[in-house]
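Our numbering puts the first residue of the sequence shown at 3, with every later residue one more than the last.
All C-beta atoms in this analysis are idealised placements derived from N, C-alpha and C, irrespective of residue type, glycine included.
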Amino acid sequence: MFTGDLPFPTEKWTKSPDEVKSWDDWIPMQGNLTAHLNTIVSGTNMATLWKNAVRPKPDEADLRGSLWRIQSEFLSRVLTVGMAIRRFGLDPYAKPLTIHLAGASHNETMGARLTDYDELNNMFPKHQGIEIVMVGPEVVDGPIMRPPLRAFGPRERVYISAFKGLYHQFWEALEEKEEAAKPDLVVGFHPGFHANQGLLEGWLPTLLLLRDYNIPSLFTMYSEMELRSSLEILLELEVLVKDSGPNPFTSQKPEQVQSCPNKDPVYCNSHFIRFQGLLPREDFEDSIPTSSSASSL
Numbered sequence: 003m004f005t006g007d008l009p010f011p012t013e014k015w016t017k018s019p020d021e022v023k024s025w026d027d028w029i030p031m032q033g034n035l036t037a038h039l040n041t042i043v044s045g046t047n048m049a050t051l052w053k054n055a056v057r058p059k060p061d062e063a064d065l066r067g068s069l070w071r072i073q074s075e076f077l078s079r080v081l082t083v084g085m086a087i088r089r090f091g092l093d094p095y096a097k098p099l100t101i102h103l104a105g106a107s108h109n110e111t112m113g114a115r116l117t118d119y120d121e122l123n124n125m126f127p128k129h130q131g132i133e134i135v136m137v138g139p140e141v142v143d144g145p146i147m148r149p150p151l152r153a154f155g156p157r158e159r160v161y162i163s164a165f166k167g168l169y170h171q172f173w174e175a176l177e178e179k180e181e182a183a184k185p186d187l188v189v190g191f192h193p194g195f196h197a198n199q200g201l202l203e204g205w206l207p208t209l210l211l212l213r214d215y216n217i218p219s220l221f222t223m224y225s226e227m228e229l230r231s232s233l234e235i236l237l238e239l240e241v242l243v244k245d246s247g248p249n250p251f252t253s254q255k256p257e258q259v260q261s262c263p264n265k266d267p268v269y270c271n272s273h274f275i276r277f278q279g280l281l282p283r284e285d286f287e288d289s290i291p292t293s294s295s296a297s298s299l
């Protein structure tokens with residue numbers, strides 16, 4: 003990643019976005035995927051890595067598999083954004099789109115390049131322009147650290163900018179002063195507000211802002227357990243959940259849970275929640291158990 007070998011460029015799509023429903027549809031469009039991986043495996047940076055390592059070099063098939071899993075983590079984020087665009091019925095051919103990544107952390111921004119979301123150009127060729135604004139207190143300085151656009155960006159290009167701070171602070175500093183374009187979509191990768199009260203309190207102003215401004219939003223989670231806990235919190239906040247479930251573009255790279263090798267690994271962006279606006283009052287009341295039904299549980 004830090005040598006520039008990953009993520010590597012991908013191919014133009016030969017199918018429409020509606021036809022690409024999972025990795026099984028995306029991978030066949032990458033005719034030279036193995037060639038890309040072989041170039042990295044046989045490259046100078048890989049040779050230097052294993053020259054300095056204290057263990058034997060794996061065989062090339064294992065190295066290709068490892069590289070693909072790392073590549074899939076990068077692609078998982080941008081393909082999840084593309085999935086959110088489709089599921090909300092947003093049309094990048096009708097108008098430019100502004101997409102905010104709320105809670106962007108060092109995972110997304112360390113070593114980030116201005117081309118990291120160019121897969122959207124392959125997904126939506128000749129679009130009207132797409133702006134990605136990464137917002138979070140852990141945003142790492144780099145080439146993406148530039149002001150967001152106030153108006154439309156260049157056509158057929160993805161423009162990335164960043165803001166270091168909480169999302170509601172970004173909104174107060176720029177959106178309320180009309181110094182940044184309003185979002186058509188907000189995406190959050192692993193917000194983690196389910197984990198403890200402190201994180202929930204930090205996210206609460208953002209969740210209420212997204213709800214009250216009726217902004218199309220999609221958040222991802224590491225597991226079904228996180229998904230269930232997050233759904234409960236959104237219900238308590240009377241947020242209207244459109245749908246949720248497994249993400250067809252989950253990362254293929256396993257991660258340890260809290261550095262505990264005894265637990266099953268999890269995968270970045272393995273589940274998602276798509277939500278927008280306020281839950282209709284009758285739906286909220288129907289979701290609350292009555293005293294008789296509660297006593298029977």
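- For the region 70 to 140, the full-length beta strand (DSSP E) segments reaching 3 residues or more read 99 to 104, 132 to 138 along the chain.
- Under the three-pair Cβ rule at 8 Å, the region 229 to 241 counts as touching the region 201 to 220.
- A96 and V160 have their alpha carbons spaced roughly 16 Å apart.
- Boundaries around V43 are those of the alpha helix (DSSP H), 35 to 43, since no beta strand (DSSP E) includes it.
- DSSP lists H273 as the bridge partner or partners of M223.
- Taking a C-beta distance under 8 Å as the contact criterion, F191 and S24 do not qualify as a contact pair.
- Contact check for V141 and A104: beta-carbon distance about 11 Å, past the 8 Å limit, so the pair fails to qualify.
- Taking the Cα of K17 as reference, the smallest distance to any Cα among D27, S246, E203 is reached at D27.
- When secondary structure is reduced to three states using DSSP, G279 falls in the strand class.
- Annotated as distal: I235 and L201, with beta-carbon spacing of 8 Å or more.
- F221 places its beta carbon less than 8 Å from that of F274.
- For Y169, the enclosing alpha helix (DSSP H) stretches over residues 169 to 172.
- In terms of Cβ geometry, P139 and L168 form a close pair [threshold 8 Å].
- The Cβ atoms of Q258 and W70 lie no closer than 8 Å to each other.
- The shortest C-alpha to C-alpha distance from H196 to any of V189, E180, S232, A182 is the one to S232.
- In the structure shown, the three-state DSSP call for G247 is strand.
- Uninterrupted beta strand (DSSP E) stretches at least 3 residues long and entirely within the region 146 to 185 occur at 160 to 166, given in chain order.
- In terms of Cβ geometry, T82 and D186 do not form a close pair [threshold 8 Å].
- Between D118 and I162, the CB-CB gap stays under 8 Å.
- Between A175 and L151, the C-beta gap is not smaller than 8 Å, which leaves the two residues out of contact.
- Within its own chain, the residues whose Cβ lies closer than 7 Å to the Cβ of P193, once the five positions on either side in sequence are excluded, are G105, W205, F221, listed in chain order.
- When the beta-carbon positions are compared, S219 and F277 come within less than 8 Å of each other.
- For P127, the closest of P207, S74, E158 by C-alpha to C-alpha distance is E158.
- In this structure, the straight-line span from the alpha carbon of A114 to that of E133 is close to 15 Å.
- In this structure V137 is in contact with H102, their Cβ atoms being roughly 6 Å apart against a cut-off of 8 Å.
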